[in-house]
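Participant: Just so you know, the sequences run in chain order A and B.
The first sequence begins at 1 in this note's numbering and counts up by one.
The second sequence begins at 154 in this note's numbering and counts up by one.
Virtual Cβ for every residue (Gly too), placed ideally from N, Cα, C.
Attaching a single structure in structure tokens format; questions to follow.
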Amino acid sequence: MLPRISCQVERWLDALPEMEPLFPQHWRELAVNQDEIKIDLDHEKYANLAQQDMVHLVTVRAGCRLVGYAIAFIMPHMHYKSAGPMAMTDMYFILPEFRHGAGVKLFREFERSLRARGIRQAITSCKLHQDHTRFFEKLGWTWTDKTFVKLLS
Amino acid sequence: MSLANREKVLQMVADRIGTAVNSGSEIEALGFDSLEFLELLQAIEGVYGVVFPDEAIQRFDTLGDIFNYAEVDAPAN
Chain A
1 MLPRISCQVE RWLDALPEME PLFPQHWREL AVNQDEIKID LDHEKYANLA QQDMVHLVTV
61 RAGCRLVGYA IAFIMPHMHY KSAGPMAMTD MYFILPEFRH GAGVKLFREF ERSLRARGIR
121 QAITSCKLHQ DHTRFFEKLG WTWTDKTFVK LLS
Chain B
154 MSLANREKVL QMVADRIGTA VNSGSEIEAL GFDSLEFLEL LQAIEGVYGV VFPDEAIQRF
214 DTLGDIFNYA EVDAPAN
């Protein structure tokens, strides 16, 4: 029997030691300009934001093992102050061997838990080389933007 | 009615993955990616005329879990 996949809200600092081993694999799979820009999380800033309850974390666990996460920053949007806090997705990842449907559980819990904390609008994205457009659209998200990256120096 | 719905869904899954499945089949073992799993859930919602809430989906580990929710716990759509 396969370990049960569960998705739940956890505190950043509590889950961080288990998430950290996943970050390099996440970076290798998804980051652009990897030769020039290396992974180097600003732990102090994350901890600071977490302390202000501005980091929303949903983890994916297979049994007890942490195998994925979705993270959003919770903050008012500079253009829509009166709309209340919004969720700007920072990153999401599931170890490839646990992706058989776990993304559905992850994002449904991500949405449910954001809704539960009063967030009206969430923003997320995906890479062109890991295109989840159909998945997000089927979940009811709307494709609104294209993002461009240019290495300047 | 429930039996007919179950058979319809089991056949749907079997056609997709090319092998027979039953209520005890674990979702993770079906080899679906998240989009395929989402499409399956939406197809089952259509078969049963129900909508799966976020909380229920968290408890779906086997096809049987989905059937039980659709047949017993789900409010009619």
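Does Gly101 of chain A get closer than 7 Å to chain D when you measure Cβ to Cβ?
Facilitator: Annotation note: the requested chain D is absent from the structure, which comprises protein chains A and B.
Participant: Could you tell me which chain A residues have their CB closer than 7 Å to the CB of Asp214 of chain B, listed as they occur along the chain?
Facilitator: Reading the second sequence from its first residue, position 61 is the one you call residue 214 of chain B. The answer, in chain order, is Arg4.
Participant: Check whether the stretch 5-20 of chain A and the stretch 46-64 of chain A are in contact - that is, three or more C-beta pairs closer than 8 Å.
Facilitator: Cβ pair count under 8 Å is three or more, so yes.
Participant: What are the partner residues of Thr59 of chain A, as DSSP defines its beta bridges?
Facilitator: Working through the first sequence from its first residue, we reach residue 59 of chain A at position 59. BP columns for Thr59 of chain A point to A:Gln8 and A:Tyr69.
Participant: On the three-state DSSP scale, how would you describe Glu36 of chain A?
Facilitator: By 1-based counting over the first sequence, the position of residue 36 of chain A is 36. Note: Glu36 of chain A maps to coil in three-state DSSP.
Participant: For the alpha helix (DSSP H) containing Ala102 of chain A, list its first residue and its last residue.
Facilitator: Numbered from its first residue, the first sequence carries residue 102 of chain A at position 102. Here the alpha helix (DSSP H) through Ala102 of chain A covers Ala102 to Ala116.
Participant: Taking all protein chains shown into account, decide if Glu137 of chain A is buried (16 or more other Cβ within 10 angstroms of its Cβ) or exposed.
Facilitator: Counting from 1 along the first sequence, the entry for residue 137 of chain A is found at position 137. Looking at its Cβ environment, which holds fewer than 16 other Cβ atoms inside 10 Å, Glu137 of chain A is exposed.
Participant: For a contact defined as C-beta to C-beta under 8 Å, what are the partners of Leu163 of chain B on chain A?
Facilitator: Locating residue 163 of chain B in the second sequence gives position 10, where the first residue counts as 1. Simply none; closest approach about 17 Å.
Participant: Going by DSSP, which residues form a beta bridge with Pro76 of chain A?
Facilitator: Against the first sequence, residue 76 of chain A aligns to sequence position 76. DSSP output for Pro76 of chain A lists A:Pro85 as bridge partner(s).
Participant: For the stretch 218-225 of chain B against the stretch 155-170 of chain B, do three or more pairs of beta-carbon atoms, one drawn from each stretch, fall closer than 8 Å, so that the two count as touching?
Facilitator: Yes, the stretch 218-225 of chain B touches the stretch 155-170 of chain B.
Participant: Looking at the strands, I want to know which residues DSSP matches up with Met91 of chain A.
Facilitator: Taking the first residue of the first sequence as position 1, residue 91 of chain A is located at position 91. DSSP lists A:Ile71 as partners of Met91 of chain A.
Participant: Write down the C-beta distance between Glu181 of chain B and His100 of chain A rounded to the nearest angstrom, noting that I regard them as a contact closer than 8 Å.
Facilitator: In the second sequence, residue 181 of chain B corresponds to position 28, counting from 1. In the first sequence, residue 100 of chain A corresponds to position 100, counting from 1. Contact holds; Cβ gap of about 5 Å.
Participant: Does the structure place the stretch 76-87 of chain A close enough to the stretch 20-34 of chain A that three or more beta carbon pairs sit under 8 Å?
Facilitator: No: the two stretches stay apart, fewer than three of their Cβ pairs being nearer than 8 Å.
Participant: Taking DSSP's pairing of strands, which residues face Ile123 of chain A in a bridge?
Facilitator: Here residue 123 of chain A refers to the residue found at position 123 of the first sequence. Answer is A:Met88, bridged to Ile123 of chain A.
Participant: Closest by CA to Asp186 of chain B, which one among A:Ala102, A:Arg61, A:Gln121 and A:Leu2?
Facilitator: Sequence index remark: in the second sequence, residue 186 of chain B carries index 33 (1-based). The candidate whose alpha carbon is nearest that of Asp186 of chain B is A:Ala102.
Participant: Just tell me which of B:Leu216, B:Asp207 and B:Ala227 has its CA closest to the CA of Val104 of chain A.
Facilitator: Walking along the first sequence from the start, residue 104 of chain A turns up at place 104. Ranking the options by Cα distance to Val104 of chain A, first place goes to B:Asp207.
Participant: Quick one: what's got a C-beta closer than 7 Å to Leu151 of chain A's C-beta in the same chain, skipping five residues either side?
Facilitator: For the purposes of this step, residue 151 of chain A is identified with residue 151 of the first sequence, where counting begins at 1. Excluding positions up to five away in sequence, the list reads Asn33 and Glu36.
Participant: Tell me whether Ala173 of chain B is buried or exposed, calling it buried when 16 or more other Cβ atoms sit within 10 Å of its Cβ.
Facilitator: In the second sequence, residue 173 of chain B corresponds to position 20, counting from 1. Exposed, because fewer than 16 other Cβ atoms sit within 10 Å of the Cβ of Ala173 of chain B.
Participant: Under a three-way DSSP split, which group does Thr172 of chain B fall into?
Facilitator: One-based indexing of the second sequence puts residue 172 of chain B at position 19. If DSSP states are grouped into helix, strand and coil, Thr172 of chain B belongs with coil.
Participant: Phe93 of chain A touches chain B at which residues, Cβ-Cβ below 7 Å?
Facilitator: Locating residue 93 of chain A in the first sequence gives position 93, where the first residue counts as 1. Those do not exist, as Phe93 of chain A stays about 13 Å from chain B at its closest Cβ, beyond 7 Å.
Participant: State the beta-bridge partners of Thr215 of chain B as determined by DSSP.
Facilitator: Taking the first residue of the second sequence as position 1, residue 215 of chain B is located at position 62. Looking at the DSSP assignment, Thr215 of chain B forms a beta bridge with B:Glu179.
Participant: Using CA atoms only, rank isn't needed, just tell me which of A:Ile123, A:Gln8 and A:Val149 is closest to Arg61 of chain A.
Facilitator: Taking the first residue of the first sequence as 1, we reach residue 61 of chain A at position 61. Of the candidates A:Ile123, A:Gln8 and A:Val149, the one whose C-alpha sits nearest the C-alpha of Arg61 of chain A is A:Gln8.
Participant: With a threshold of 6 Å on Cβ separation, who are the neighbours of Tyr92 of chain A within its own chain once the five nearest residues in sequence on each side are excluded?
Facilitator: Taking the first residue of the first sequence as 1, we reach residue 92 of chain A at position 92. Cβ neighbours of Tyr92 of chain A beyond the five flanking positions: Ala70.
Participant: Does the distance from the C-beta atom of Leu191 of chain B to that of Ile170 of chain B stay below 7 Å?
Facilitator: On the second sequence, position 38 is the one that residue 191 of chain B refers to. On the second sequence, position 17 is the one that residue 170 of chain B refers to. No, they are not a contact pair.
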